[in-house]
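What the sequence shown shows, in UniProt numbering, is residues 1 to 145, in sequence order.
Note that beta-carbon positions come from the ideal geometry of N, C-alpha and C, so glycine has one too.
These notes concern the structure reproduced below.
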Amino acid sequence: MTTADRFRRAVDSHDLAAIGELFTEDVRLNSPVKFKPFEGKPMVLGLFGVLLRTFEDFRYVGRLDGAAETGAAPPATDDAGSPAAVLVFRATVNGKQIHGIDLLHFAADGRIEEITVMVRPQSAVQALGEAVLAGLVADGLVPGA
Numbered sequence: 001m002t003t004a005d006r007f008r009r010a011v012d013s014h015d016l017a018a019i020g021e022l023f024t025e026d027v028r029l030n031s032p033v034k035f036k037p038f039e040g041k042p043m044v045l046g047l048f049g050v051l052l053r054t055f056e057d058f059r060y061v062g063r064l065d066g067a068a069e070t071g072a073a074p075p076a077t078d079d080a081g082s083p084a085a086v087l088v089f090r091a092t093v094n095g096k097q098i099h100g101i102d103l104l105h106f107a108a109d110g111r112i113e114e115i116t117v118m119v120r121p122q123s124a125v126q127a128l129g130e131a132v133l134a135g136l137v138a139d140g141l142v143p144g145a
């Protein structure tokens, strides 16, 4: 079973411990609602706790495998980057239908070193951003306004 398969299974079952086992200590998550990435295993795992509570009827509906350059420093060669997988999902947040992807980048040991999340449409991005911010504040992961 691949890391992408294990990640999907852990997300589907809302198993934060299993999700955390798949992350490197310095994992980064690039969010559609925040310019700078969420960094480090505790912060990214805390974010996943909020996301698992926020998404309604979340389901993965597709997968693509390949390679991609991460958001960190570009590779020294002209190759396509590190091994990666794209998990396509659908969900609802506060009544807004979301279509998105989780782009997973894998470290040499197979764990996830970076996740880039992309969602559409814009109104869903706004609903997701508001819901996630409220959850992060409620969990004490970011200061309140």
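Between the region 39-48 and the region 60-70 there are fewer than three inter-stretch CB-CB distances shorter than 8 Å, so the stretches are not counted as touching. From the listed residues L52, V11, A17, the smallest Cα separation to L136 is found for L52. Nearest in C-alpha terms to V88, of all of R28, T116, D26, is T116. Annotation: the continuous alpha helix (DSSP H) that includes F7 extends over 3-12. Contact between V119 and I98 holds, with the beta-carbon distance rounding to 5 Å and staying under 8 Å. A distance below 9 Å separates the beta carbons of L104 and F7. Linking A138 to V125 through their CA atoms gives a straight-line distance of about 20 Å.
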